[in-house]
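First comes the structure, then the notes that go with it.
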Amino acid sequence: MNTPDPTSDDEFGSEPPGPDLEAAEYALGVQDAAQRRRSQTRIETDPAFAARVAAWEGRLAGLFDGIAPVAPPQHVWPGIRRRLGWPAVEGARGNLWQSVGFWRAAAAAAIVAATALAVLNTVREAPPAVTPAAVARAVTTLSFDDGTPAYLATLDTASGAILLVPVPSAPDAEGRVPELWLIPAGESPRSLGVVTTDKAHTIAVPAELRRAMTAGSTLAISLEPVGGAPQGVPTGPIVAKGNIAST
Amino acid sequence: MAETELRPTAERDTALDRLVVEVATGDRIAFDALYRGTSARLFGICLRVLSDRTEAEDVLQDAFVTIWHRAAQFDPERAGALAWLSTIARNKAIDRLRARPPMARAPLAVIEEMADPGTTPERDAESATNRSRLERCLEQLDDRRRSLIRTAFFDGATYDELAARIGAPLGSVKSWIRRGLMQLRACLET
C-alpha cells in the first residue's frame, strides 16, 4: 500500500467518512441501524453514491465463497409465491405454468429435437413415430408436491410413445435418479425406465401397457438407485406425479 | 467454521446471468429455475448472518420477492448474477439484524484465521482471478484488519459490536477497518 496516512488510528476513526468510505462501510455492513438507513436513502437518491456501493459490493463478493449453502425447507417457495400474489400451489388454469398451449409449444420444440435425434440415430430400429401431429394429444403435467411442474408428458397413443420433457432442476443430492412409472387406475406402478432431469426423453410404452395411456391413469416420478428400482417396484419417494387427462 | 470444500458462489455463471435477464421479462418459469438453482446459497448467507432459521427463512422469502421486482436492474456487465443475488440476500439479512433490539445478539468471537477455500481447476477462470485477487489483497492486510473485515462481512457486525467483542475503543476499530478497506481498494485497483 502506498497511501500512508500520518494521522493516528483514533483520529482516522473519528472523522466522518467520505462518500467512498461510507459506501464501503455500507457494503461491508458495519454501520448501525441509523447510519445504514441514511446510506440506503442516499443509494436511492444519489446515483454516483449507488455506483460506489455497487463497486464495493463487487469487491467484497468473493467472500461469499466462504459461506456453505444450506437447502431451505419446502414451505419457503410457496411462501414466496404467496407474497408475490401468486397462488401458493398452482391452480388448474389461468397462468403460464399450466397453460397447455405453452407446454404444447415447449413439447413441440422438444419433439422436433427428439425426432431429429431419432433420424440421426440410424442404429436404433424403428424409433417411435412421434410426429408433430402427436403434439395435439394430451399433455400431462407431472408436478412436485408444491404444485410446480417437474415434467411434461405428451402421450401419443397411436404409436405408444410418451415424450417426457423435464423442467430443468438440480440432480438429487443423494445421487438417486428419476424413474418414470405408469400407474393404471387401481393397479400397481409399472416402470417405464430411468429418465433425467435435464433432457427430453421419448419413451416407448410396452404393448401390454398401452391400454393404460388413458385418462384415469397416473404418471409418476420416483427417486431410485442408479440403474433404477431393482425389483421393478418403486423404492424411493414419489417426487412428482400427474394424472393423465383426456385430450 | 465450515468454510472449506465449497463450490464458488461468486463465479461468473453466464447461464445464471441469462436466467436473471429472463426473470426481468416476467418469466415465472425462469424465476422458478432461479430459485431452484440459487436458494441454498442464499439461504446459507441468511443463516450465517442471522443464526436463526425462522428469521432466515423469512428473509430468504423477502429476498426472492425483491429479486423478482428488481431483476430488471441486474446488469450482467457490472456483476455476476450470483454475486448480485447474494448481495441482495445479505443486505436483507443485515437489515433484519439491525431491526433486532440492540445487544440481542450473543457476542461471538472475531474470526481469527482466514479459511483457505483452496483452488480447483473447474472454477471459472474470471471468478478465480477475482477471488484470488481479493484473497491476495486480504493477505496483505495485517491480521487485525483482516479478521475484523471478515467478521463484519460474515456476521454483519457493527463497529460497536466489533469493539465490544475485542475490547478495543470504538475509534480504533473504525480506524482499523477503514484503513483496511482503503488498503484493499488500492490493492484491488493495481
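Protein chains in written order, with the working numbering: chain A, 1 to 247; chain B, 1001 to 1190. Idealized CB from N, CA, C, for every residue including glycine.
Item to complete: Label A:G79 either buried or exposed according to how many other C-beta atoms from any shown protein chain fall within 10 Å of its C-beta, with 16 as the threshold for buried.
Response: buried
Worksheet entry | Proximal chain A residues relative to B:A1033, where beta-carbon distance stays under 8 Å | V167, P168, S169
Worksheet item: Per DSSP, A:G201 is paired with what?
Response: What sits at residue 201 of chain A in the sequence shown is His, not Gly. Answer by DSSP bridge pairing, in chain order: A:L164.
Discussion item. For A:L120, count the other beta carbons within 10 Å of its own beta carbon; 16 or more makes it buried, fewer makes it exposed. Which is it?
Written reply: With a pLDDT of only 46 at A:L120, under the threshold of 50, the placement of this residue in the model should not be trusted, and no figure is reported.
Worksheet entry | Contact list for B:G1248 against chain A, beta-carbon separation under 8 Å | The question about residue 1248 of chain B has no answer, for chain B in this structure spans 1001 to 1190.
Item to complete: Have a look at A:E25, A:Q35, A:R176 and flag the residue whose alpha-carbon is nearest the alpha-carbon of A:T235.
Response: Among A:E25, A:Q35, A:R176, the Cα nearest to that of A:T235 is on A:R176.
Worksheet item: Can you tell me whether A:P87 is buried or exposed, with buried defined as 16 or more other CB within 10 angstroms of its CB?
Response: exposed
Worksheet entry | Contact list for A:P206 against chain B, beta-carbon separation under 8 Å | Correct list: empty, because the minimum Cβ distance to chain B is about 32 Å.
Worksheet entry | Closest Cα partner of A:W77 within the set B:K1092, B:C1187, B:L1042 | B:L1042
Worksheet entry | Delimiting residues of the alpha helix (DSSP H) encompassing A:W86 | From DSSP, A:W86 is part of no alpha helix (DSSP H); its letter is neither H nor E.
Item to complete: If I'm right that A:A229 touches A:E179 with Cβ under 8 Å, what's the distance once you round it to whole angstroms?
Response: 6 Å
Worksheet item: What does B:F1064 touch in chain A if you count any residue whose Cβ is under 7 Å from its own?
Response: Going along chain A in sequence order, the residues near B:F1064 (Cβ under 7 Å) are I80.
Worksheet entry | Backbone secondary structure at B:I1149 - three-state DSSP | helix
Worksheet item: Quick one, which residues of the segment 50 to 69 of chain A are near chain B if we go by CB-CB under 7 Å, in chain order?
Response: A54, E57, G58, R59, L60, A61, G62, L63, F64, D65, G66, I67, A68, P69
Worksheet item: Is DSSP giving B:T1191 helix, strand or coil here?
Response: Shown here, chain B extends from 1001 to 1190; a query on residue 1191 of chain B therefore has no answer.
Practice prompt. Ignore the nearest five residues each way along the sequence and tell me which others in A:A55's own chain have a CB closer than 8 Å to its CB.
Written response: Cβ neighbours of A:A55 beyond the five flanking positions: A23.
Worksheet entry | Cβ neighbours of B:R1098 in the same chain (closer than 7 Å, five flanking residues each side left out) | none
Worksheet entry | Inter-residue Cα distance where the pair is A:V30 and B:L1170 | 12 Å
Discussion item. Under 8 Å: do the segment 31 to 51 of chain A and the segment 1172 to 1183 of chain B share three or more Cβ pairs, one atom per stretch?
Written reply: no
Fill in: DSSP beta-bridge partners of A:S188
According to the DSSP secondary-structure assignment, A:S188 is paired through a beta bridge with no residue.
Item to complete: Please name the residue or residues paired with A:Y151 in a DSSP beta bridge.
Response: A:L142, A:P166
Worksheet item: Going by the CB atoms, is the gap between B:F1031 and B:W1068 shorter than 9 Å?
Response: yes
Practice prompt. Report yes if the CB atom of B:R1144 is closer than 9 Å to the CB atom of B:L1138, and no otherwise.
Written response: no
Fill in: Within chain B, the residues that A:R36 reaches when beta carbons sit closer than 7 Å
R1098
Discussion item. Going by DSSP in three states, A:P47 sits in which element: helix, strand or coil?
Written reply: helix
Item to complete: Could you say which of A:L223, A:R82, A:V194 lies nearest to A:G147 if we only look at CA atoms?
Response: A:R82
Worksheet item: How would you label B:V1020, buried or exposed, when you count the other beta carbons within 10 angstroms and need 16 or more for buried?
Response: buried
Worksheet item: From the DSSP output, which residues share a beta bridge with A:E179?
Response: A:V194, A:S222
Item to complete: Note down, in chain order, each residue of its chain lying with its Cβ closer than 8 Å to the Cβ of A:P168, except the 5 sequence neighbours on either side.
Response: Excluding residues up to 5 positions away in sequence, T197, D198 lie with their Cβ nearer than 8 Å to the Cβ of A:P168 in the same chain.
Worksheet item: How long is the line joining the alpha carbons of A:L21 and B:L1181, rounded to whole angstroms?
Response: 8 Å
Fill in: Close Cβ partners of B:A1186 (< 7 Å) along its chain, the five nearest in sequence each way excluded
none
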